[in-house]
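Numbering (my numbering), first residue to last: 155 to 314.
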């Protein structure tokens with residue numbers, strides 16, 4: 155008798171399109187695919203496309219203050235800030251320096267991903283920014299710890 159192999163880990167799970175039905179998101183994906191289809195198969199295009207496919211939970215918002223701080227780093231003057239996600243307003247910021255921004259959602263004016271694709275198809279002069287995932291880190295770790303008050307145990311028949 156042969157041993158049955160487990161095929162549950164054979165398939166590589168990755169998104170090939172966004173799960174969201176948002177037409178603006180799908181339009182941005184279409185424009186990004188058009189640019190990468192023109193022979194500019196750069197790493198920048200692949201990363202932006204991968205981030206456009208991500209769920210909303212994995213695209214956390216980036217505060218305006220963090221974006222200003224990141225763009226003030228040396229070597230980032232006169233570059234476009236690309237955020238695949240939302241940029242939220244920050245009331246603590248009194249003066250906003252002149253920035254060129256491309257984002258999915260922002261409270262004021264910014265470039266669309268189509269305009270970015272025309273402006274710099276290979277991602278030259280562009281800085282990719284993203285917010286750190288805050289999410290449910292503690293909830294994820296609860297399953298791994300023995301003393302978390304909750305532990306996924308293998309199912310067994312109840313003993314009466």
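Even for Gly, the Cβ is constructed at its ideal location relative to N, Cα and C.
Fair warning: this is a prediction, and the values are worked out from it, not measured in the lab.
Setting aside the 5 residues that flank it on each side, residue 265 is surrounded in the same chain by 256, each with a C-beta closer than 6 Å to its C-beta; the list follows chain order.
Under DSSP, residue 242 takes part in a beta bridge, and its partners are 217. If you draw a 10 Å sphere on the C-beta of residue 261, you find fewer than 16 other C-beta atoms in it, and that means exposed. When C-alpha distances from residue 248 are compared across 278, 222, 158, the shortest belongs to 222. With contacts defined as CB atoms closer than 9 Å, residue 183 and residue 282 fail to qualify as a contacting pair.
For residue 263, there is no enclosing beta strand (DSSP E), as DSSP marks it with neither H nor E. Under the three-state reduction of DSSP, residue 254 is assigned to strand.
For residue 203, the secondary structure class from DSSP, reduced to helix, strand or coil, is helix. For a cut-off of 8 Å, the C-beta gap from residue 277 to residue 207 is around 17 Å, too long to register as a contact. Excluding its 5 nearest sequence neighbours in each direction, residue 181 has C-beta neighbours in its own chain below 8 Å: 268, listed in chain order. For residue 282, the uninterrupted beta strand (DSSP E) segment begins and ends at 280 to 283. Within the same chain, Cβ atoms closer than 8 Å to the Cβ of residue 240 are found at 213, 215, 216, 257, 258, 259, 260, the five residues on either side in sequence being excluded. Cβ contact annotation for residue 189 (same chain, cutoff 7 Å, sequence separation greater than five): 199, 271, 275, in chain order. As computed with DSSP, residue 259 is found in a beta bridge with 240. Taking 8 Å as the upper bound for CB-CB distance, residue 246 and residue 219 are in contact here, some 6 Å apart. Nearest to residue 251 by C-alpha distance, out of 226, 243, 273, is 226.
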